[in-house]
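>
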Amino acid sequence: MATSQAPVEPPKRRRIGVLTSGGDAPGMNGAVRAVVRMAIHCGCEAYAVHEGYEGLVQGGSLIRQMHWEDVRGWLSRGGTLIGSARSASFRERPGRLQAAKNMVLRGIDALVVCGGDGSLTGADVFRSEWPGLLRELVDSGELTEAQIQPYQVLNIVGLVGSIDNDMSSTDATIGCYSSLTRIVDAIDDIFDTASSHQRGFVIEVMGRHCGWLALMASISTGADWVFIPEMPPHDGWEDDMCATITKNRKERGKRRTIVIVAEGAQDLHLNKISSDNIKDILSKRLGLDTRVTILGHTQRGGPACAYDRWLSTLQGVEAVKAVLDTTPTSPSPVITIRENKIERTPLMEAVKLTKKVSSLIESKEFSKAMDLRDAEFREYHHAYINTATPDHPRMMLPDNKKMRIAIVHVGAPAGGMNPATRAAVAYCLTRGHTPIAIHNGFPGLCRHHADEPISSVREVQWLESDNWVNVGGSEIGTNRGLPAENMETTASCFEKYKFDALFIVGGFEAFTAASQLRQAREKYPAFKIPIMVLPATISNNVPGTEYSLGSDTCLNTLVTFCDTIRQSASSTRRRVFVVETQGGQSGYIATTAGLAVGAVASYIPEEGIDLKMLLRDITFLRHNFSHDKGANRAGKIILRNECASKTYTTQFVADMIAEEAKGRFESRAAVPGHFQQGGNPSPMDRVRALRMAIKCMQHFESFVGKSPDEIAADELSAGVIGVKGSEVIISPMGGPNGLEATETDWKRRRPKNEFWINLQEVVNILSGRPTNGDGEEGHPGEGWGCYEKSIKQASKAVATNMMNYYTGMNPGDVPGNLPTPYYWWEAGAMFGALIDYWFYTGDSTWNDITTQGLLWQASPTSDFMPANQTKTEGNDDQAFWAFAAMSAAERNFPNPPKDKPQWLELVQAVFNEQASRWDTQTCGGGLRWQIFTWNNGYNYKNTISNGCFFNIAARLAKYTNNQTYADWAEKIWDWTTDVGFMSPTYEFWDGADDTKNCTEFNRIQWTYNAGVYLLGAANMFNHTNGDPKWQDRTQKILDAAGVFFSDNPKDVMYERACEPINTCQVDQRSFKAYLSRWMAATTQMAPFTYNAVITKLRASAAAAAKTCTGGPKGTSCGLKWTDQKWDGSQGVGEQMSVLEVLQSNLITNVAPPVTNSSGGTSKGDNSAGTGQSSDDTPGVLTDPITTADRAGAGILTGLVLITVVGSTGWAIFD
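In structure tokens, the structure reads:
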């Protein structure tokens, strides 16, 4: 029985408030900017609450609506521009009562709070009291029932703004890395005077309850000793500290001494350890000229560093999404980060853990306090202790476990190379290994290893490397030379110097070098040693990691450069700077820098530059400046990656903007060049260099005692260490699932799937840059990405209505079948839509029904050839069931029981059977529409059957990396174009009669023909590592598919062959579902299509949702989306089409399809569908095909075509 469902409605307009509270932190302004602009983009109104919670209590002018231009230029400003204040009144209930009244009167029922644990606790208390506060306001006559009725629920989302980084459950808080940068810069400056006079310095930094700043500053500067609250020194620490400093100065020759102390430092008995106390000890016991420097509030001031800018921006964007997703019963979230992944964490759980750390410290349970900080904090502390202090007898290995570890830099210099080498050397010396530097890369090894008196192969001493802690570039030299240039000499050097392991630090060249050495192991046994690559490149383009050393340093350099020239641009009021960034074929730097500086646009190689894009951006700039009237003094920045286009160079773009500006504004080009590679490494690059280098050394130690052949047989013996999502992992380079085979775009020297690519959309959203149309609109105030919750709710309503038609789960009915008038294949398509629904929404309501239906219809022969369909089944029918199974494999849909056919196996069976049906007797090849001779349409070769076969082959090639499937995809494509089913302008006709050798085409165009080839081409683009041929084909199919989108309303999908004349038959009513589904999937395989696709999907979804008001319950969707209202039609096809176009707008929220080498769990069988005997085959298949059969089929085909053409004849000549 059908259940009552709420009508599908567009999301309602919200008012979202944002406030900053507690101590100020760099990056707070970036968070406010992101919240304001994302709220406006999502169709909400944004309000800033000035002076923290006190502003909520006072109300009036302290609560102000914020508009788009109000937050321009805020990214580069320090502190918090909306103010922060301690509010005693808000701590009391009367104050919160007044705050609730002020919010209701302003229509605000959602609040984003940026502050520390105290501020966030106050926000959660406010939310819990909200219903009671409203009731009290009504009872006291302050407000009426009508006034409070729309605001029954208060949504709270937290952002952690704290320089101390003292919040549990997150790796970083907004402001902490900016503060660390201030500290490290100050200590770097102190180095010079300390070394000049051989002085000691005691540096006091902030951190009453958390030692993160002190610890990370110690790692970043190579401090001799550190004091942090969580891990007090043992009794007698005075003697230990003095002994360490004495050894460093007298035995190792160190001229400077740095001791860093957190303001909350204490001993095991909770007695405060002050900076003056430490100074006295060093002065009196060692006679060391010692000075104290207390950095104080300089640690809070100044603009945010690059990391805090993009962190605050992305967390602000996520906060708005969380506001719109939060339900009355869900706990308030706080936005956190783990490694590179933005996450939502229950706010009070994080606060509770944070407060528990302080209580554990007070109760002297220091080890437990360290555990609650997080594993990374303890790991960093151990790493610092083990590398900063010289004597660790317990860590020294026996002689038979000591290794000779070679270290080489490969590629362009990058900040972090030297700190990584220093960390590796320090760890090696602590453990008893011999660190050996190969100077000037592999060419240096081959050409100069035997030089006298100084060889290019030299052991590294502690004092030599200790000074590299804050030095940029590469002290041992680096270049782009590869071992393959002289592999024999390289191998002989490895043998001569008896290398037991190789540590390669560098970019894509380093990755290539490791690959070459690994592949040469069989010929050169000297390479059968563990090899590790630590990515270090400003391009951040190494497969296996989302972070490379040097990229953060580069971003900070670019941010400083852009801030400086923006000042010039702002002074003139009307100037645009086009800044050229490095990065090679990867647009990472341009995109993330664009996010950090608030660029108007970022031009990247992945998307390219075309004339239409430039004209749209120029129109947008012209529109923006004309409305600005010169009142806003913020200049504008456009970032262009050096390889974004060969034609549209940086100077060309700047000149074109200047020319088209017609005097309304100016344009200049700026090229920072190699300035981006230089300078001292950033603190982030320094601390991550230490952590990752030590992990690599520990990985080497796991191979001690193994033979060369055992080492070579271990796939992890050649690997890349990197950050992926929320983890630091080591990935193998070789093997069928290794990085070389599955994740590397060798031609473009970058990963196949770049994690950051969706950040381009955030850059565009927050700049207001239009990605379609004529460029006039700017920040349009409508973004489907932030309507995740609303889309999911609407999708469930539509899916529920669709499933009301399904009866296959009822007793006595056939699982997988739809009732009359629906065709068998449409049920397979419906299950494909349900798999998409589960993947997009996480709702498993129909998973069991889907699995049951697919397995039932898979038939005993596991190939979607059930006996009850042999009289009607066509190749396209079989393929649509295979599509559902393919999606199940790609999306890791729950696998069937082990005794049942598996998803991948089912698809392979269909492929193998269709390959055997490839018919070269007519038309030079191709699949027939129908499988059996007596079926109507047997003598018709149609585009959809062959397109389905192409789609399956391409997706199997991508999933399995089996070249046979790719070869078939090429073959099918070539046949499609040669026979003429696709026009030179990439229009797809319906098919042709094979009795006439496919010479007369039925020129009807259907949406699903374009869609099926589009996704197949996109998969081939991805599988071939971005082959330009497949990029061009994908783009041209997409461009030609524009014929299926109306001009009024703009970009709304319609079935042009039948909708305008009201002749759409049952199956044709579902065709838009497949184009929607495949367009969305295409953006993940070919990201360059995203902007063009998402524009059409959003417009179509908005129009489609408006048709879902029909039927007895007001939830039935119509056919004609262009009407933007229910047109009286209803059915499975209508529901499925709206479902697919709605949920496709969640494509950026989900991971790309998996493969068998990237997490895919479905098992396959290459021979599936090929091992049937005649006894296993339906009897009808064993009858020979006769001439009479062919003639009869031809007559039937003709009758069908007369019917189809009769309903769509106008389209043939359109």
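The letter at position 375 of the sequence shown is residue 375 when you use full-length UniProt numbering, and the numbering goes up by one with no holes. Positions of the beta carbon are idealized from the N, C-alpha and C atoms, including for glycine. Just so you know, these numbers come straight off a predicted model, no measurement behind them.
Between the segment 1128-1139 and the segment 798-813, can you find at least three pairs of beta-carbon atoms closer than 8 Å?
Touching, yes.
> Alpha carbon to alpha carbon, what distance is there between residue 264 and residue 210?
Approximately 8 Å, taken between the alpha carbons.
> Starting from residue 318, trace the beta strand (DSSP E) both ways and give me its first and last residue.
Run containing residue 318: none in the beta strand (DSSP E); it sits in the alpha helix (DSSP H), 306-325.
> Please report the straight-line C-alpha distance between residue 1149 and residue 596, rounded to a whole angstrom.
When rounded, the distance between both Cα atoms is 22 Å.
> Can you have a look at residue 20 and say buried or exposed, based on whether 16 or more other CB atoms are within 10 angstroms of its CB?
Looking at its Cβ environment, which holds 16 or more other Cβ atoms inside 10 Å, residue 20 is buried.
> According to DSSP, what are the bridge partners of residue 1116?
According to DSSP, which records beta bridges pairwise, residue 1116 is partnered with 1110.
> Comparing alpha-carbon positions, which option in 769, 846, 899 lies nearest residue 804?
Closest by alpha carbon: 846.
> Taking contact to mean at least 3 C-beta pairs separated by less than 8 Å, is the segment 656-671 in contact with the segment 517-531?
Taking 8 Å as the limit for Cβ pairs, the verdict is that the segment 517-531 does not touch the segment 656-671.
> Taking just the CA atoms, how far does residue 445 sit from residue 408?
Going by the C-alpha atoms only, they are around 9 Å apart.
> Looking at residue 178 and residue 24, is the spacing between their C-beta atoms short of 8 Å?
Not in contact: residue 24 and residue 178 (Cβ atoms no closer than 8 Å).
> Just how far apart, CA to CA, sit residue 33 and residue 344?
Answer to the nearest angstrom: the Cα atoms are 20 Å apart.
> To the nearest angstrom, how far is it from the Cα of residue 1193 to the Cα of residue 936?
Because the pLDDT at residue 1193 is just 31, under 50, the model does not fix this residue reliably, and the value given afterwards should be weighed accordingly. Roughly 6 Å between the two C-alpha positions.
> Alpha carbons only, please: which of 855, 341, 30 is nearest the one belonging to residue 79?
Among 855, 341, 30, the Cα nearest to that of residue 79 is on 30.
> Taking the runs of the beta strand (DSSP E) that are 3 residues or longer, which of them lie wholly in the segment 459-521?
Whole beta strand (DSSP E) segments, 3+ residues: 501-506.
> Give the C-beta separation of residue 1008 and residue 944 to the nearest angstrom, bearing in mind that I take them to be a contact with Cβ-Cβ under 8 Å.
That belief holds up - the Cβ atoms of residue 1008 and residue 944 are roughly 6 Å apart, short of 8 Å.
> Measure how close the beta-carbons of residue 512 and residue 463 come, nearest whole angstrom, since I'm counting them as under 8 Å.
At roughly 34 Å, the Cβ-Cβ gap does not stay under 8 Å, so residue 512 and residue 463 are not in contact.
> Would you check if there are 3 or more beta carbon pairs closer than 8 Å linking the segment 162-174 to the segment 141-153?
At 8 Å Cβ cutoff, the stretches do not touch.
> With a cut-off of 8 Å on the beta carbons, I'd call residue 531 and residue 555 a contact; round off their distance for me.
With 8 Å as the limit, residue 531 and residue 555 do not qualify as a contact, their Cβ atoms being about 29 Å apart.
> Looking only at DSSP bridge pairs, what is residue 941 linked to?
According to DSSP, residue 941 bridges with 992.
> Cα separation between residue 158 and residue 471?
Approximately 38 Å, taken between the alpha carbons.
> Count the other CB atoms within 10 Å of the CB of residue 232; is the residue buried (16 or more) or exposed (fewer)?
The residue is buried, with at least 16 neighbouring Cβ atoms inside 10 Å.
> Could you tell me which residues DSSP pairs with residue 290 in its beta bridges?
Answer is 200, bridged to residue 290.
> I need the DSSP call for residue 805, collapsed to helix, strand or coil.
Coil.
> Give the secondary structure of residue 936 by DSSP, where H, G and I count as helix, E and B as strand, and everything else as coil.
Correct three-state label for residue 936: coil.
> Start and end of the beta strand (DSSP E) containing residue 37?
From DSSP, residue 37 is part of no beta strand (DSSP E) but of the alpha helix (DSSP H) over 28-41.
> Measure from the alpha carbon of residue 872 to the alpha carbon of each residue in 834, 1129, 933, then state which is nearest.
Selected option, being the one with the closest Cα: 933.
> How big is the Cα-Cα spacing for residue 958 and residue 341?
Using only the alpha carbons, I get a separation of about 26 Å.
> Am I right that residue 1086 and residue 1022 are in contact with their C-beta atoms under 8 Å? What's the rounded C-beta distance?
Contact flag correct, Cβ pair sits at about 7 Å.
> Relative to the C-alpha of residue 960, which residue among 1165, 973, 1013, 815 is closest?
Among 1165, 973, 1013, 815, the Cα nearest to that of residue 960 belongs to 1165.
> Going by DSSP, name the residue or residues bridged to residue 409.
DSSP output for residue 409 lists 478, 505 as bridge partner(s).
> Taking a contact to mean a Cβ-Cβ separation below 8 Å, would you say residue 1080 touches residue 1037 in this structure?
Contact flag unset, no.
> For residue 1068, count neighbouring Cβ atoms within 10 angstroms of its own Cβ and tell me buried if that reaches 16, exposed if not.
Burial call: buried.
> Which residue comes first and which comes last in the beta strand (DSSP E) that contains residue 708?
From DSSP, residue 708 is part of no beta strand (DSSP E) but of the alpha helix (DSSP H) over 708-713.
> Assign residue 713 to buried or exposed, taking buried as 16 or more other Cβ atoms, counted over all protein chains shown, within 10 Å of its Cβ.
With fewer than 16 other Cβ atoms within 10 Å, it is exposed.
> If I follow the unbroken beta strand (DSSP E) through residue 1051, where does it start and stop?
1050-1053 is the extent of the beta strand (DSSP E) around residue 1051.
> I think residue 975 touches residue 926, with their Cβ atoms under 8 Å apart; what is that distance to the nearest whole Å?
Contact flag correct, Cβ pair sits at about 6 Å.
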